[in-house]
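Note that the protein sequences, when read in sequence, are chains A and B.
Each residue of the first sequence is one higher than the one before, counting from 124 in the numbering used here.
Each residue of the second sequence is one higher than the one before, counting from 124 in the numbering used here.
So the structure is just underneath, and the comments pick up after that.
2 protein chains.
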Amino acid sequence: MNACVLYSGGKDSSIMAVILQKLEYKVELRTVNFGLLPSWKAAAQSAENLGFKHRILEADETILQEGVEIILKDGYPNNGLNHIHQQILQIAAENYPVIADGIRRDDRVPKLDLNKIRSFEDSKDVEYLNLAGFGYKSIDKLSKNLFKLKNELTNINNNSDYEIEIRYLIDQLRGDETASRIFPEHMQSRVIGWREK
Amino acid sequence: MNACVLYSGGKDSSIMAVILQKLEYKVELRTVNFGLLPSWKAAAQSAENLGFKHRILEADETILQEGVEIILKDGYPNNGLNHIHQQILQIAAENYPVIADGIRRDDRVPKLDLNKIRSFEDSKDVEYLNLAGFGYKSIDKLSKNLFKLKNELTNINNNSDYEIEIRYLIDQLRGDETASRIFPEHMQSRVIGWREK
Chain A
124 MNACVLYSGG
134 KDSSIMAVIL
144 QKLEYKVELR
154 TVNFGLLPSW
164 KAAAQSAENL
174 GFKHRILEAD
184 ETILQEGVEI
194 ILKDGYPNNG
204 LNHIHQQILQ
214 IAAENYPVIA
224 DGIRRDDRVP
234 KLDLNKIRSF
244 EDSKDVEYLN
254 LAGFGYKSID
264 KLSKNLFKLK
274 NELTNINNNS
284 DYEIEIRYLI
294 DQLRGDETAS
304 RIFPEHMQSR
314 VIGWREK
Chain B
124 MNACVLYSGG
134 KDSSIMAVIL
144 QKLEYKVELR
154 TVNFGLLPSW
164 KAAAQSAENL
174 GFKHRILEAD
184 ETILQEGVEI
194 ILKDGYPNNG
204 LNHIHQQILQ
214 IAAENYPVIA
224 DGIRRDDRVP
234 KLDLNKIRSF
244 EDSKDVEYLN
254 LAGFGYKSID
264 KLSKNLFKLK
274 NELTNINNNS
284 DYEIEIRYLI
294 DQLRGDETAS
304 RIFPEHMQSR
314 VIGWREK
């Protein structure tokens, strides 16, 4: 069965991809892009290094604009990120019977509650899978065991999360420190290939 | 890393075992038994047919008695089953760094909330994993794809869940229809081997 994993090049979505492949799904990795910046490139590189099929999932800029509007109104990213992620799931559901992401047990955002998941699965006749059964300790250990990882400050060249284009759009709209205040600089760990054994 | 999967021979705990084995954990399946009935035998057979290492996890009958006391007081099984499952996790944590079970997204019982999971992991310095990222539709399809399954009315010879010894103890204490009322007869699907491909 074809399964789409919404893919950032990070360890969570990489582990989800590995689990589904080992469970015999035909896995395609898809990285969301709203057309503002080529922020999908880092994820494409991670996917290639792991040997997974990868494609951009082109989404309309209006989804990004709606998310940014919510974020600017709230002053924090959670609801806007959830809005964007839910719209993206709807798009993915048009082409795949199984949609997965790297959301894990401890994640607070993006996050779908049980009712939202059931409603999504039923209305679109799809299955939705994530890493809600796995905590951060397990993900950390697993990713170190499976992958070659690179820890670095996040930027446009190494990060394929929604965050990059959200920051860019906020900068365009505000031209001040708003984006840096809402999304402070942080370290990330990116999958750059399989660990040699 | 050694991982213990609390194992009933059903599709949920079987899929959990398969995922962990494919992620390179050293998996041991453990089936809980309180010493009243040899209800572990069906799970041992499933484990053997799948080629997994399997052992009984012998637990003190007082845990069962406590669970049954709660169930009889409540008139329904949820809190008593949760009590038993939490005690069993504590026992498993004495011997394994990673403890998993087949609890999935839709399960209502046994179930641990996020705070209980974190407290369990931190106090025992273990990792706890389950199938909370997988819904019943995905589990059904996956299990049909991976396993040879047998659907049948549940009984002592084909079911290794807590339920069997709980029913037995309730029957001993009450000698009436209480056990059948709290645990109505139901169909179950048991893993009897790998699906031939």
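Every residue, glycine too, gets a C-beta built ideally from N, C-alpha and C.
- With respect to A/W163, A/V150 sits apart: the two C-beta atoms are not nearer than 9 Å.
- Close CB contacts of B/A170 within its chain, under the 6 Å cut and outside five residues either way in sequence, are with L152 and H177 (chain order).
- With contacts defined as CB atoms closer than 9 Å, A/H208 and A/L173 fail to qualify as a contacting pair.
- Within the segment 171–227 of chain B, complete beta strand (DSSP E) segments of at least 3 residues are found at 176–181 and 221–227, given in chain order.
- In terms of beta-carbon proximity, A/Y251 lines the interface with chain B, with at least one pair separated by less than 9 Å.
- The segment 241–253 of chain A makes contact with the segment 218–226 of chain A: 3 or more CB pairs, one atom from each, lie closer than 8 Å.
- Under the DSSP definition of a beta bridge, B/F270 partners with B/W317.
- About 5 Å separates the Cβ atoms of A/L254 and B/G256, confirming a contact at the 8 Å cut-off.
- When rounded, the separation of the alpha-carbon atoms in B/T301 and B/K196 is 12 Å.
- Taking a 10 Å sphere around the C-beta of B/T277, we find 16 or more other C-beta atoms and assign the residue as buried.
- A/R231 is bridged by DSSP to nothing; it lacks a bridge partner.
- Nearest Cα to B/C127 within the set B/D183, B/A165 and B/Q213: B/Q213.
- When Cβ-Cβ separations below 9 Å define contact, B/A167 makes no contact with chain A.
- Taking CB atoms only, B/V221 has a neighbour in chain A less than 9 Å away.
- Here the alpha carbons of B/L292 and B/D299 stand approximately 12 Å from one another.
- Going by C-alpha positions, B/W317 is about 14 Å away from A/E147.
- Taking the Cα positions, B/F306 is about 13 Å away from B/I279.
- Scanning the segment 139–164 of chain A for uninterrupted beta strand (DSSP E) segments of 3 residues or longer gives 149–156, listed from N- to C-terminal end.
- If you draw a straight line from the Cα of B/N274 to the Cα of A/E288, it is about 50 Å long.
- Per the C-alpha coordinates, the member of B/Q144, B/E192, B/R297 and B/F243 positioned closest to B/A215 is B/F243.
- For B/G158 and B/I194, the gap between their C-alpha atoms comes out near 19 Å.
- For B/V191, same chain residues with a beta-carbon under 8 Å away, outside a window of 5 residues either side, are G203, I289, L292, I293 and L296 in chain order.
- A/N238: member of the alpha helix (DSSP H) spanning L237 to K247, first to last residue.
- A buried status is given to A/L269, since no fewer than 16 other beta-carbon atoms sit within 10 Å of its beta-carbon.
- Interface criterion not met: the Cβ of A/G316 is under 9 Å from no Cβ in chain B.
- As computed with DSSP, B/L252 is found in a beta bridge with B/A223.
- Within the same chain, L276 and T277 come within 8 Å of B/E308 by CB-CB distance, once the 5 residues on both sides are set aside.
- Neighbourhood of A/E151 in chain B, by CB distance below 8 Å: empty, with the nearest CB roughly 17 Å away.
- A/E300 carries a coil assignment under DSSP once its states are collapsed to helix, strand and coil.
- Taking C-alpha positions only, A/N125 is separated from B/K271 by approximately 22 Å.
- Proximity of A/V155 to chain B, defined by a Cβ-Cβ separation below 9 Å, is not satisfied.
- Of all residues in the segment 256–268 of chain A, the ones placed with a Cβ closer than 9 Å to any Cβ belonging to chain B are G256, F257, G258, K260, S261, K264, L265 and N268, in chain order.
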